[in-house]
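These protein sequences, in sequence, are chains A and B. For the first sequence, the numbering used here assigns the number 7 to the initial residue and increments by one for each residue that follows. For the second sequence, the numbering used here assigns the number 7 to the initial residue and increments by one for each residue that follows. The beta carbon of each residue, even a glycine, is placed where N, CA and C say it ideally should be. It should be emphasised that the depicted structure is a prediction, and the values quoted were computed from it without experimental measurement. Okay, structure first, notes after.
Protein chains: 2
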Amino acid sequence: MSDTVSPLAPKKYPKMPAIEGVRIATAEAGIKYKNRTDVLAMVFDEGTQAAGVFTRSKCPSAPVDLCRQNLAGGQARVLVVNSGNANAFTGKKGRETTSATAKAAAKAASCGEGEVFLASTGVIGEPLDAGRFTHLLSDMVRDAKAEFWTEAAKAIMTTDTYPKVATATVKLGGIDVTINGIAKGAGMIAPDMATMLSFVATDAPISAAVLQSLLSKGVGDTFNAVTVDSDTSTSDTLMLFATGAAARRGAPAITDVKDAQLVPFRRALNRILKSLALQVVRDGEGARKQVEVTVTGAKSARSAKRIALSIANSPLVKTAVAGEDANWGRVVMAVGKAGEPADRDRLSIWFGDNRLAFEGERDQNYSEEATSAYMKGEDIRIRADIGIGRGKATVWTCDLTKEYVAINGDYRS
Amino acid sequence: MSDTVSPLAPKKYPKMPAIEGVRIATAEAGIKYKNRTDVLAMVFDEGTQAAGVFTRSKCPSAPVDLCRQNLAGGQARVLVVNSGNANAFTGKKGRETTSATAKAAAKAASCGEGEVFLASTGVIGEPLDAGRFTHLLSDMVRDAKAEFWTEAAKAIMTTDTYPKVATATVKLGGIDVTINGIAKGAGMIAPDMATMLSFVATDAPISAAVLQSLLSKGVGDTFNAVTVDSDTSTSDTLMLFATGAAARRGAPAITDVKDAQLVPFRRALNRILKSLALQVVRDGEGARKQVEVTVTGAKSARSAKRIALSIANSPLVKTAVAGEDANWGRVVMAVGKAGEPADRDRLSIWFGDNRLAFEGERDQNYSEEATSAYMKGEDIRIRADIGIGRGKATVWTCDLTKEYVAINGDYRS
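Now the structure itself:
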């Protein structure tokens, strides 16, 4: 948690409603941070369905291993998250910690250990002592409250400068259902997948298999389309829980992802995933500007996304944006280095609505003045048209500032 | 050219001898910079053999196109290089510029246009007016001098803080032959290939085909093993010229790359390529420390190099080095994100001789004090042993400092 809030922080936060069947508690365990909450427990009613998407790192954290294993059951009763220590690269001790935490959480929530999910975020490689917080879990489960979502978002922050929350209420078979989500993450953010930690819950009665399908598809244009620094965490975790409590109010049970009744829910879920993903980008370490990179005219959508990420991850493009310099030559460089099919002499580039380059050379008519004024804004859109096909993709990143270097030059010490 | 010289600059420069058959001239054309040289002409005796390796960018500069085309002939008589403008992404105008320059250079050197080689470095996307310097070429060719190598290195600098030169004299069939090289490059440096511009010349009588073979193999562990910011230039050019003048002193003509007489030459050439490549890294924009990343125990050498580059390109690893923080957790992250075969529980990590992590967890015996002292040094060695095979690779990079952001935030303006 930083003292200075990102200038790109939301101007206002939504009031987060309760999700029937979900109760939340936070605590101060002093794992690393002092005078702030650093443990979250989310308690789910019996029968809650669960789905998850995790880091593709070849060196995942111990909690990620545990979540992957327990997800096979498809049911969740309690989620325990701590900040300050990632319990990653902690070897045998790391597994002992997740095992002890799962045992304590299962006891506190009166459920099986297979219905426990864990996540940890913070420093990598330092052993995490489960004893710092397992004794708190019974009281947390007992005292957990329904309307505590923003507090939940605060407890999982690390270098975040603001809590990230999103909510939506939509109809499912004519009945109102609610989706709430929280996220954390400010650096070490890159596909695949671009978390951080994020937890989304709904009272809709949707089966684990359908949840998994929605989530796996939903991350493509949201969490997997954002990058802060191209560095992928060992701990990336995005989970979706459905308590099914709305069934008591008449919401239909959804067991087929093709069910037409699911359409509004799917759209709302994707909006929430995108909102949370963009909140992460806008809290990118040291970020002063949000950058939206759109690539059109590529050979395929996959090729477009690779080119877009090449632009979004280029330190030279990102420092140019920080310097409010419409340096489209660096966009050419980033297109060229992506290794994807491209034709220099068909390439066109826009910053906002200003076309700077057209079919392989500087646009004769572009206004330096208008472009300079545009670059002073907070939201920068870069578009590159490759000119050889119909592939299209959009990704989001932030600028690369001296503050990023300062934040990451002395994080551990 | 920067006012402040990198703290990693060489403490002393070698005296660059003449290469028989090569004459050099520089001039001030005022293309972008004032009060400094920005055009280089290198004139070669008839029969000079040439080889080259170029950027793999899909959007190469117009001079790169011309060099690739002329290299088919294998012969060089004149090289013209300008700094201040890359003549990249300049469309039809760019080709007109290279064509006009080649014509003027051929006339000045009394040779065919196919024996002219060009390189340009500087801003991308701004048209380069050949008229700024073509009228200078006749006088330059006429007045070119043999012992002018350091001046040549100065004329091609952009954001470089010092000129980069290297020289070696070795025996070829019992006869002394000399190799000289110059390079420029400080940012936008990444494989493949990690130039910048570099020009190497020798008086040894070696055929174009052998030169090409030596160069293509030599870049692997030198220029293609360095990275400053993962950004690959549109203009990367490395050329090797052999005048053959030493044949008059009895040096044997080499037309087979397997010729045993070539061994000392090959070693010396590789030393020069490595010296120039490291000089580029040590002049990395904003660099305060050189970082050598060695990966051992990977599945293959190729896999080792990919993991090493993932570590060397990670902003989080590079900022940690800048902050003198032995944050080996970020090395774990970078190994994990490389996507190459790895086993978290067999991974070991060293900073210098300090083993911080052993077989998947923090080394119990490591000394925080010794490691902290080590991190204050100028040359940082990071080693990761993957523990699953015998693949090995070493790459070099520099730290990521606030100065990198400052330099690149206002380069164009």
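task = Alpha carbon to alpha carbon, how far is Ala231 of chain B from Leu203 of chain B? Give it in angstroms, no decimals.
result = Those two C-alpha atoms are separated by around 15 angstroms.
ask   = Going along the chain, which residues of the region 393-417 of chain B sit with their C-beta nearer than 7 angstroms to a C-beta in chain A?
value = In summary, the residues of the region 393-417 of chain B whose CB is separated from some CB of chain A by less than 7 angstroms are Leu406, Thr407, Lys408, Val411, Ala412, Asn414, Gly415 and Asp416, in the order they occur in the chain.
ask   = Going by DSSP, what residues sit across from Phe357 of chain A in a beta bridge?
value = DSSP output for Phe357 of chain A lists A:Asn360 and A:Ile388 as bridge partner(s).
key: Which of helix, strand or coil DSSP assigns to Asn41 of chain B   = In this structure, Asn41 of chain B counts as coil in the three-state DSSP scheme.
query = If contact means a Cβ-Cβ distance below 9 angstroms, which residues of the region 33-59 of chain A contact chain B?
reply = Cβ contacts with chain B: none found.
query = Skipping 5 residues on each side, what residues in its chain have a beta carbon closer than 7 angstroms to that of Met163 of chain A?
reply = Here the set comprises Met7, Ser89, Pro169 and Lys190.
inquiry  = By the three-class DSSP mapping on this structure, what secondary structure does Thr175 of chain B have?
reply    = Assignment of Thr175 of chain B by DSSP, reduced to helix, strand and coil, places it in the strand class.
Cβ separation of Val421 of chain A and Ala283 of chain A, assumed to be a contact under 8 angstroms, to the nearest whole Å = Residue 421 of chain A cannot be examined here, being either before or after the span of chain A that is shown, 7 to 419.
ask   = Should Met202 of chain B be flagged as near chain A, meaning a C-beta pair shorter than 7 angstroms?
value = Not a single CB atom of chain A sits nearer than 7 angstroms to the CB of Met202 of chain B.
task = Flag Ala348 of chain B as yes if its beta-carbon sits less than 7 angstroms from any beta-carbon of chain A, otherwise no.
result = Yes, Ala348 of chain B lies at the interface with chain A (some Cβ there is under 7 angstroms from its Cβ).
message = Once the 5 residues before and after Ile355 of chain B are set aside, which same chain residues still bring their CB inside 6 angstroms of it?
response = Excluding residues up to 5 positions away in sequence, Trp334, Val337, Leu362, Ala363 and Ala390 lie with their Cβ nearer than 6 angstroms to the Cβ of Ile355 of chain B in the same chain.
query = With distances taken from CA atoms, which of A:Ala136, A:Arg308 and A:Val86 is nearest Ile30 of chain A?
reply = Here the closest residue by C-alpha is A:Val86.
ask   = Taking all protein chains shown into account, do 16 or more other C-beta atoms lie within 10 angstroms of the C-beta of Ser419 of chain B, making it buried, or fewer, making it exposed?
value = Note that Ser419 of chain B has pLDDT 40, beneath the 50 cutoff, so the model's placement of it is unreliable and the number below is only indicative. It is exposed - the Cβ of Ser419 of chain B has fewer than 16 other Cβ atoms within 10 Å.
Other residues of its chain near Leu46 of chain A: CB distance less than 6 angstroms, five sequence neighbours each side excluded = Taking C-beta separations shorter than 6 angstroms and ignoring five residues to either side along the sequence, the partners of Leu46 of chain A in its chain run Thr32, Val87, Ala158, Ala161 and Ile162, following chain order.
ask   = Along chain B, which residues have their Cβ under 9 angstroms away from the Cβ of Lys64 of chain A?
value = Simply Val341, Gly342, Lys343, Ala344, Gly345, Glu346, Pro347, Ala348, Asp349 and Arg350.
ask   = Anyone know if the C-beta pair for Thr104 of chain A and Ala78 of chain A falls short of 7 angstroms?
value = The Cβ atoms of Thr104 of chain A and Ala78 of chain A lie no closer than 7 angstroms to each other.
message = Only counting the same chain, and skipping five residues up and downstream in sequence, which positions put a Cβ closer than 6 angstroms to that of Ser320 of chain B?
response = Listed in chain order, the non-local C-beta contacts of Ser320 of chain B below 6 angstroms within the same chain comprise Ala340, local neighbours out to five positions each way being set aside.
Contact under 7 angstroms by Cβ, Thr377 of chain A with Ala332 of chain A = Yes, these two residues count as a Cβ contact at 7 angstroms.
Pro66 of chain A, buried or exposed, once every other Cβ within 10 Å from all chains shown has been counted against 16 = Pro66 of chain A should be labelled buried.
request  = Name, please, each residue of chain B whose Cβ falls closer than 7 angstroms to the Cβ of Ala328 of chain A.
outcome  = Near Ala328 of chain A (Cβ distances below 7 angstroms), the residues of chain B are Val411 and Gly415.
query = Do you know how far the Cα of Ala152 of chain A is from the Cα of Ile185 of chain A?
reply = Their backbone Cα atoms lie some 13 angstroms apart in a straight line.
key: Met48 of chain A - partner residues in DSSP beta bridges   = DSSP, once it has assigned bridges, lists A:Ile30 and A:Leu85 as partnering Met48 of chain A.
key: the region 268-281 of chain A / the region 220-230 of chain A touching (three or more Cβ pairs under 8 angstroms)   = Touching, yes, given that three or more Cβ pairs across the two stretches are closer than 8 angstroms.
Terminal residues of the beta strand (DSSP E) in which Phe247 of chain A lies = Looking at the DSSP string, the run of the beta strand (DSSP E) that includes Phe247 of chain A is Thr243 to Ala248.
ask   = What does Trp334 of chain A reach in chain B if we use C-beta pairs closer than 7 angstroms?
value = Residues of chain B passing the Cβ test: Gly131.
request  = Name the residue from B:Ser116, B:Ala207 and B:Gly58 whose alpha carbon lies nearest to the alpha carbon of Asp145 of chain B.
outcome  = Residue B:Ser116 is the option with its Cα nearest to Asp145 of chain B.
key: Residues of its chain near Lys305 of chain A, where Cβ-Cβ distance is below 8 angstroms and the 5 sequence neighbours each way are ignored   = Correct list, in chain order: Glu346, Pro347, Ile392, Ile394, Gly395 and Gly397.
ask   = In this structure, does DSSP put Val338 of chain B in helix, strand or coil?
value = For Val338 of chain B, the secondary structure class from DSSP, reduced to helix, strand or coil, is helix.
request  = Compute the Euclidean distance between the alpha carbons of Ala248 of chain B and Glu367 of chain A, then round it to the nearest angstrom.
outcome  = The alpha-carbon atoms of Ala248 of chain B and Glu367 of chain A are separated by roughly 36 angstroms.
request  = Report yes or no: is there a C-beta of chain A within less than 7 angstroms of the C-beta of Gly290 of chain B?
outcome  = Chain A contact via Cβ: absent.
message = Taking 7 angstroms as the threshold (beta carbon to beta carbon), is Arg368 of chain A in contact with chain B?
response = With 7 angstroms as the cut-off, Arg368 of chain A counts as an interface residue toward chain B.
ask   = Taking the alpha carbon of Ala253 of chain A as the point to measure from, which residue in A:Ala174, A:Thr54 and A:Val411 has its own alpha carbon closest?
value = Checked all of A:Ala174, A:Thr54 and A:Val411; the closest Cα to Ala253 of chain A is A:Thr54.
inquiry  = Please classify Ala379 of chain A as buried or exposed, where buried requires at least 16 other C-beta atoms within 10 Å of its C-beta.
reply    = Classification for Ala379 of chain A: exposed.
key: Limits of the alpha helix (DSSP H) - the one that Cys73 of chain A falls within   = Cys73 of chain A -> alpha helix (DSSP H) spans Ala68 to Leu77.
inquiry  = Check for me: the beta strand (DSSP E) holding Val299 of chain A runs from which residue to which?
reply    = Note, Val299 of chain A: beta strand (DSSP E), Gln296 to Ala304.
query = Is Val176 of chain B closer than 7 angstroms to Thr156 of chain B when the C-beta atoms are compared?
reply = No.
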